[in-house]
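According to mature numbering (1 follows the signal peptide of the UniProt record, and there is no 0), the sequence shown holds residues -22 to -1, 1 to 553 in order.
Even for Gly, the Cβ is constructed at its ideal location relative to N, Cα and C.
All values reported here derive from a predicted model rather than from experimental measurement.
Read through the structure below, which is laid out as structure tokens, and then see the notes.
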Amino acid sequence: MNRKIYFIFLVHLLIFQTFVFAQDEKVDDNFQNEEQNEYWYKNSIIYNLDVDSFYDSDGDGVGDFAGLKEKLPYLKSLGVDVIWLAPFQKSPNKDNGYDIEDFYMIHPEYGTGGDLVEFMNSAKEMGIRVITDLVMNHTSDQHVWFQEAIKDKNSVYRDYYVWSEEQPDDYDQGMVFPGVQEQTWTYHPEAGEYYYHRFYEFQPDLNNLNPVVQNEMRKVMGYWLWMGFSGFRLDAVPFIIEDPYTGVEDPELHYDLIKEIRKFIQWRRGDALLLGEANVMPEENKNYFGDEGEGMHMLFNFFVNQHLFYSLATEEVSTLVSSLEETKDIPRNSQWAQFLRNHDELDLGRLSDEQQAKVYEKFGPDETMQVYDRGIRRRLAPMMNDENQIKMAYSLMFSLPGTPVIRYGDEIGMGEDLSLPEREAVRTPMQWTADKNAGFSTAEELENPVISSGEFSYHDVNVLTQQQDPNSLLNWTTRLINLRKSCPEIGRGDWEVIPTGSNQVLAIKYSLKGQSIIIVHNLSNTEQKVDLKQDYKGYKISNGLNGGGEDSGPFELRDFSIQGYGYAWYRLTSL
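Right, here's the structure in full:
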């Protein structure tokens, strides 16, 4: 072979190899993109809001979809990936919209179908997904199904609900709202029978074991998926799948219903999410996730949430560590949703009486702050009333295994209105400015009042004021969100709690594809000595939360001190 031919051969070989390597890299990138798309919920930030409490665009005193669309740039700037909407369908609104009168109709005060479509289209353009509550357990007693059911015992709608000719012996057990709700079986004079309701008496339970009801709910899910929603937060999952005729306290549960819902939504939309509300014990988790992750994609980690608040109250991490370990064993494709506060009460039902007492003493000492014999009806900021502890608590929650979920207004430290009944205390309008009605509405009268007095008044706590202050809680939260999104190890990696030598300090190490981070939190208000028992080397990446840049490094990690309510995120390098 002469030199010219040999040279041409080498050039072609080089071009061929370059093409092959490029294709290999493209395949790897495609694989990663497919994996990222399939498990998009694992590294997202979920933001929960009520349409009627977020922003009123037309001055009628009620928030609406047009107003929500206007505020999408704010949510984008905050770093939100997923908006979780509370129920927005037509409802008498006796229970924050969870008493649905029509599963397909938007509540007239929130706007039209066109307003919803415009909001959904804008959210899509900004790369923000939208999920919504799916209330399958019950309807409003004003729903046409129930109205038809009570008129005629032979109506096809009669078996849409659960009935008994005699009052069951356990009629006054199993209430979701003890102290407010008196029974779970109520006599209906027109129907001539008792109907079952886990929640308030104006919310009759659907008979979800009836195939006709199952088909009706598939239509509901299909409709909202077709409208562009990325999935559902499934309300009250254990009650959806129960057979109430087998007893209220320990009913038979039909877990296969969860798998059927999962199959349906993914058949209609391959990347659809099912996020479940199931406040259950750790040994029951796989019943909801499925042995191979074929059930709920995600569950709220109520067990960790309650033990987290106990640890925050006592400033000791051992209980939190135990709860994390007890909830660690879940399918690989499943995910926990971690949170601090939400739209309901802080439920303490999984804690012992002694543990509950300590949480009440620290975070809800007055009876007006407590509700349902098991919970606290407060927002996080007034519960802690210490900005350093608030920041530490949020940094901690964002660093727990799973996906973080935040409640609207918590990013600015909104307070509660304890003069409002039950859980309405934490559902006051968003505080945008120091102008009239907190900039939420131009109306003379609001459906729900804004917080206008005290330490958490909208005059002092609002978005505009905090946007102008680089050291505000809002800007700190934005930096925290950006930090969390830069650490996919938390949402997708393996993790372990590592010893710190202090029962006041928690350290978690995450690893994913050869990269590792260690995150350290001091739950006490005093400086603590830390001994990680092993030599590490890394860069501190949490200074941005304190208004500074990254430390120069790397430096060795083992023995060091951490200030009271301190926190630090470290990206590791090889020693």
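- When DSSP states are grouped into helix, strand and coil, S55 belongs to the helix group.
- Going by DSSP, N460 is part of the alpha helix (DSSP H) stretching over L451 to K463.
- The residue from G391, S377 and Y338 with its alpha-carbon nearest to that of D364 is G391.
- At least 8 Å separates the beta-carbon of W204 from that of E171.
- For N193, the uninterrupted alpha helix (DSSP H) segment begins and ends at P189 to W204.
- Counting only residues of its own chain and dropping the five nearest sequence neighbours on each side, E294 has a CB closer than 6 Å to the CB of N481.
- DSSP places E304 in the helix class (H, G or I) of the three-state scheme.
- Looking at V226, Q244, E220 and D228, the one whose alpha-carbon comes closest to that of D234 is E220.
- With a beta-carbon spacing of about 17 Å, D388 and G353 fall beyond the 8 Å limit used to define contacts.
- Taking 4 residues as the minimum length, the alpha helix (DSSP H) runs contained wholly in the stretch 52 to 126 are 91 to 103, in order along the chain.
- Here Q446 is exposed. Its C-beta has fewer than 16 other C-beta atoms within 10 Å.
- Of all alpha-carbon atoms in T117, G209, Y88 and K72, the one lying nearest the alpha-carbon of I106 is that of G209.
- In this structure D28 is buried. Its beta-carbon is surrounded by 16 or more other beta-carbon atoms within 10 angstroms.
- When only Cα atoms are considered, L212 and L329 end up about 24 Å apart.
- A check of alpha carbon separations from E79 across P182, S118, R385 and G45 identifies S118 as the nearest.
- In the three-state DSSP reduction, S142 falls in the strand class (E or B).
- By the Cβ rule, the stretch 361 to 381 does not count as touching the stretch 410 to 420, because fewer than three pairs are nearer than 8 Å.
- Within the model, the alpha-carbon separation for F207 versus K197 is close to 14 Å.
- DSSP places P466 in the helix class (H, G or I) of the three-state scheme.
- Residue environment: W245 is assigned as exposed (fewer than 16 neighbouring CB atoms within 10 Å of its CB, all protein chains considered).
- Here W245 carries a helix assignment [DSSP, helix/strand/coil].
- In this structure, D148 and E227 form a Cβ contact; the two beta carbons are roughly 6 Å apart against a cut-off of 8 Å.
- Counted as a single uninterrupted DSSP element, the beta strand (DSSP E) harbouring H166 occupies residues W163 to H166.
- V154 has its alpha-carbon roughly 13 Å from the corresponding atom of V215.
- Contact check for L458 against L523 passes: the beta carbons are separated by less than 8 Å.
- For I486, the uninterrupted beta strand (DSSP E) segment begins and ends at V483 to L490.
- Three or more beta-carbon pairs drawn from the stretch 33 to 53 and the stretch 419 to 428 are found closer than 8 Å, and the two stretches are therefore classed as touching.
- Within the same chain, and ignoring the five residues on either side of M375 in sequence, the residues whose Cβ sits closer than 8 Å to its Cβ are L286, Q316, F317, L318 and P382.
- Collapsing the DSSP output to three states places E422 in coil.
- Between the alpha carbons of V58 and I24 lies a gap of roughly 6 Å.
- Rounded to the nearest whole angstrom, the C-alpha separation of D73 and M114 is 15 Å.
- Across the structure, Y548 and L452 are spaced so that their CA atoms are roughly 23 Å apart.
- In the three-state reduction of the DSSP assignment, G380 falls in the coil class.
- The C-beta of G92 has fewer than 16 other C-beta atoms within 10 Å across all chains shown, which makes the residue exposed.
- In the displayed model, H285 falls within a helix according to three-state DSSP.
- Between G273 and F267, the C-beta spacing is below 8 Å.
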